[in-house]
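J.: Here it is, the structure in full.
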């Protein structure tokens, strides 16, 4: 076992200090951790933060350094300020509520700011009738969102964790996705956006680490968006909220406080069907989305010193996905690597690989590679070995170049 991997593994087995154990009653009640409501918006998290294992949105994954998204805001988007991911999401919802009197934000705990603080202060400004809590029922949250959108509201529904979106699967896939189609375009529930935290966080285990995008990508009628940073998150979320189709907006929980950007303070939107080429290259095309984009960029830096030139593409939207941009890159490089945190079998990387195989068969110089999670439930103690980190990615890039 490599020294850095061993130390990371052992650190995960170290129990959190008592001062971070959240107990509400009994003899240890005096050791209760502070409420999330007491965490200021400007709080920062780093690899040495004593709080990082106490709250769900500290950078407990391998992304222990601040991530920047390698994209400058467009000048026409106006003045900017530094934001992290959750403050950018908060800003987007603030603008949506301010500019659309029919917009409502709801879900478990959103009225007090949500477990990730994305909706903090919204109820105070817009009132309890527009920003409100729901019972702990994902099916009920999704069903109410579909109904509200069908009668003219702009519904912004939060599913607290992507792992718990499955009870809402029927409402999202059989109701929201098919509403327009089954009516012959006579009515729709397009103004509904389902927000949900997504992906590994460093200590989430089986039920707080999953990446469920592939389950929904198979359902025609949905748009699926996964941003890599604050600038993308705000612009893409506003586009989702205003789109005439139901949207799933997955938020990488590991990046809530780690990813920082200069983000326009005003209103702007980004295209829901366009990939972003972050780095041009000659030998390998590497495609990813969400948190994985940052790992791919780091891997590309590792192999650059060895003469391997990697073009990095962030899909941004899973459905629809920008096949033309990826195909154009592969025709240039002749090699494709696709990476995501979810399990490999039936993951969305398989769809990307199949489509590029069809479009670029005569341009391929090597078999398409996938670097993903393993075909197991998401582990707790073995998370560092499960995740497709930059070392696995760098090995795959070298193999593709050498083929």
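In full-length UniProt numbering, the protein residues as written are 1 to 403.
The C-beta atom is built at its ideal place from N, Cα and C for all residues, glycine as well.
Just to confirm my understanding: we take residue 277, look at its own chain, exclude 5 residues before and 5 after, and list those with CB closer than 6 Å. What are they?
T.: In the same chain as residue 277, and ignoring 5 residues on each side of it, the C-beta atoms closer than 6 Å to its own belong to 313, in chain order.
J.: Near residue 98, what residues of its chain come up, given a Cβ to Cβ distance below 7 Å and the 5 sequence neighbours on each side ignored?
T.: none
J.: Residue 106 and residue 132 look like a contact to me (Cβ under 8 Å); what is the Cβ gap, rounded to whole Å?
T.: 5 Å
J.: Using the Cα positions of residue 108 and residue 160, report the straight-line distance between them to the nearest angstrom.
T.: 7 Å
J.: Out of curiosity, what's the CA-to-CA distance linking residue 162 and residue 156?
T.: 15 Å
J.: Do residue 196 and residue 251 come within 8 Å of each other at the CB atom, strictly closer than that value?
T.: yes
J.: If distances are taken between C-alpha atoms only, which option among 330, 272 and 343 comes closest to residue 246?
T.: 272
J.: Please tell me whether residue 256 and residue 90 are closer than 8 Å, where the distance is taken between their beta carbons.
T.: no
J.: Can you check DSSP and say which residues form a bridge with residue 223?
T.: For residue 223, which the question treats as bridged, DSSP gives the partners 247.
J.: Where does residue 298 sit, in a helix, a strand or coil, going by DSSP?
T.: helix
J.: Take residue 168 and list the residues in its own chain whose beta-carbon comes closer than 7 Å to its own, dropping the five residues that flank it on each side.
T.: 138, 139, 141, 142 and 159
J.: Restricting to Cα atoms, I'd like to know which of 396, 190 and 376 is closest to residue 210.
T.: For residue 210, the nearest C-alpha among the options comes from 376.
J.: Whole angstroms are fine: how far does the CA of residue 101 sit from the CA of residue 369?
T.: 47 Å
J.: Could you check where the alpha helix (DSSP H) with residue 95 kicks off and where it finishes?
T.: DSSP places residue 95 inside the alpha helix (DSSP H), whose first and last residues are 85 to 99.
J.: Just tell me which of 393, 300, 213 and 112 has its CA closest to the CA of residue 351.
T.: That would be 213, whose Cα lies nearest to the Cα of residue 351.
J.: Would you report the Cα separation of residue 204 and residue 184, rounded to the nearest angstrom?
T.: 43 Å
J.: Figure out for me which residue from 177, 253, 354 and 79 has the closest Cα to the Cα of residue 408.
T.: Nothing about residue 408 can be read from this structure; the chain reaches only from 1 to 403.
J.: Can you find the residues in the same chain that come closer than 8 Å, C-beta to C-beta, to residue 223, ignoring five residues on each side of it along the sequence?
T.: 240, 243, 245, 246, 247, 248, 272, 317, 319 and 320
J.: In the DSSP assignment, what are the bridge partners of residue 159?
T.: Answer by DSSP bridge pairing, in chain order: 196.
J.: Run through DSSP, which three-state label would residue 309 get?
T.: coil
J.: With residue 240 as the anchor, note down where its alpha helix (DSSP H) starts and where it stops.
T.: 230 to 242
J.: Tell me, please, which residues DSSP counts as bridged to residue 351.
T.: None, per the DSSP bridge assignment.
J.: On the DSSP letters alone, give me the boundaries of the beta strand (DSSP E) that residue 266 sits inside.
T.: Premise fails: residue 266 is in no beta strand (DSSP E) and is neither H nor E.
J.: Please classify residue 208 as buried or exposed, where buried requires at least 16 neighbouring CB atoms within 10 angstroms.
T.: When all chains shown are included, residue 208 counts as buried.
J.: Return the CA-CA distance between residue 219 and residue 289, expressed in angstroms with no decimal places.
T.: Straight-line Cα distance between these residues: approximately 19 Å.
J.: For residue 226, which residues in the same chain have their Cβ closer than 6 Å to its Cβ, ignoring the five residues on either side in sequence?
T.: The beta carbon of residue 226 sits closer than 6 Å to those of 250, 289 and 290, all from its chain and outside the five residues before and after it, given in chain order.
J.: Taking Cβ positions, are residue 260 and residue 230 nearer each other than 8 Å?
T.: With respect to the 8 Å criterion, residue 260 and residue 230 are classified as neighbours on the basis of their beta carbons.
J.: State the start and end residues of the unbroken alpha helix (DSSP H) segment that holds residue 325.
T.: 323 to 333
J.: Compare the C-alpha of residue 344 against each of 386, 78 and 309 and name the closest.
T.: 386
J.: Which value, in whole angstroms, describes the spacing of the CA atoms of residue 396 and residue 76?
T.: 39 Å
J.: How many Å lie between residue 117 and residue 233 at the Cα?
T.: 15 Å
J.: Is residue 282 helix, strand or coil by DSSP?
T.: coil
J.: How would you call residue 26, buried or exposed, if buried means at least 16 neighbouring beta carbons within 10 angstroms?
T.: Because residue 26 carries a pLDDT of 37, less than 50, the predicted location of this residue cannot be relied on, and no value is offered for it.
J.: In angstroms, rounded to a whole number, what distance separates the CA positions of residue 152 and residue 176?
T.: 14 Å
J.: Given this structure, state the Cα-to-Cα distance separating residue 342 from residue 292, to the nearest angstrom.
T.: If you draw a straight line from the Cα of residue 342 to the Cα of residue 292, it comes to about 10 Å.
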